[in-house]
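Visitor:
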Amino acid sequence: MEQLIKVLIQQNKKGLKLTKKQNQLIVKLISVLTPTDKEALQKMIIDNSDLKDIFKVADTKFYRLKKLFTSYELDSKDYYLTDEILKAIKKHKRKPEPQV
């Protein structure tokens, strides 16, 4: 009986060590998967060419369209924040036409 208890205690210790190692690996995996500040910033900021690609418009129509969005000028280049673009799009939401 004592042998069985010793074996169970050893297995329990090994299980605890494995659980600790698993938790450490999970923390490392989460830190790898979490975007860095730079990656998050790159997802939040877009420029004119990105905006043209999103709306699939050429220069002429783009310059009329870009007046709807708040732009930030750095080094004579316009940048836009994605959440502000979404707000502007929602602001200009079209009402559904009644169906006949």
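For what it's worth, this note's numbering labels the leading residue of the sequence shown as 181, then goes sequentially. Using N, Cα and C, we set each Cβ at its ideal position, and we do this for glycine too.
DSSP on residue 227, reduced to helix/strand/coil?
Guide: Looking at residue 227 - three-state DSSP - the assignment turns out to be strand.
Visitor: Taking residue 257 and residue 242 to be in contact with their CB atoms under 8 angstroms, please state how far apart those CB atoms are, rounded to whole angstroms.
Guide: In fact, because the Cβ distance is near 15 angstroms, the residues do not count as touching under 8 angstroms.
Visitor: Expressed to the nearest angstrom, what Euclidean distance is found between the alpha-carbon atoms of residue 227 and residue 252?
Guide: 10 angstroms
Visitor: Just to confirm the assignment, what range does the beta strand (DSSP E) spanning residue 257 have?
Guide: First-last of the beta strand (DSSP E) with residue 257: 257 to 261.
Visitor: Please tell me whether residue 237 and residue 245 are closer than 8 angstroms, where the distance is taken between their beta carbons.
Guide: Yes, they are a contact pair.
Visitor: Less than 8 angstroms between the C-beta atoms of residue 261 and residue 225, yes or no?
Guide: yes
Visitor: Return the bridge partner residues of residue 253 from the DSSP annotation.
Guide: 258
Visitor: How many Å lie between residue 191 and residue 207 at the Cα?
Guide: Between residue 191 and residue 207, the alpha-carbon positions lie close to 24 angstroms from each other.
Visitor: Report all residues from its chain with a CB closer than 8 angstroms to the CB of residue 216; omit the five preceding and five following residues, and keep chain order.
Guide: none
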